[in-house]
Amino acid sequence: MTPEKICSVVALYRARFEKEGIPKQRMDPQKFFSSQQEMLAHAHYLTDTTEEYACDPELFAKANRHLASLQTLLWTAEWYTLADLMNHNRP
């Protein structure tokens, strides 16, 4: 994926988070998610860093890892199917 494509996919997710009223909240790395809301809040939190890293060639690989984490959370929270996520990633 290109940096522009990563940013467009993240924008799609951010719009839904905002529409659904999901806050941005970093998850405590020492704890487990206790609810779907916590998963989604952390996924929303990841949108900013994913976009930031996508714009930096030295951090582009990290942007891809963050996008993968974000999409895994969206799939686990049952917001999107794997087929949906794969379609989001297509050029």
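Positions 845 to 935 (my numbering) are the ones given, in order, by the sequence shown.
Beta carbons are placed, not taken as given, at the ideal position from N, Cα and C, and that holds for glycine.
Each residue's CA atom was taken as its position, placing Q881 and A905 some 27 Å apart. In the structure shown, the three-state DSSP call for P867 is coil.
Taking all protein chains in view, the Cβ of M930 is surrounded by fewer than 16 other Cβ atoms within 10 Å, so the residue is classified as exposed.
Taking 4 residues as the minimum length, the alpha helix (DSSP H) runs contained wholly in the segment 876 to 929 are 880 to 898 and 904 to 920, in order along the chain.
DSSP places R934 in the coil class of the three-state scheme, outside both helix and strand. DSSP, read as helix, strand or coil, puts P873 in coil.
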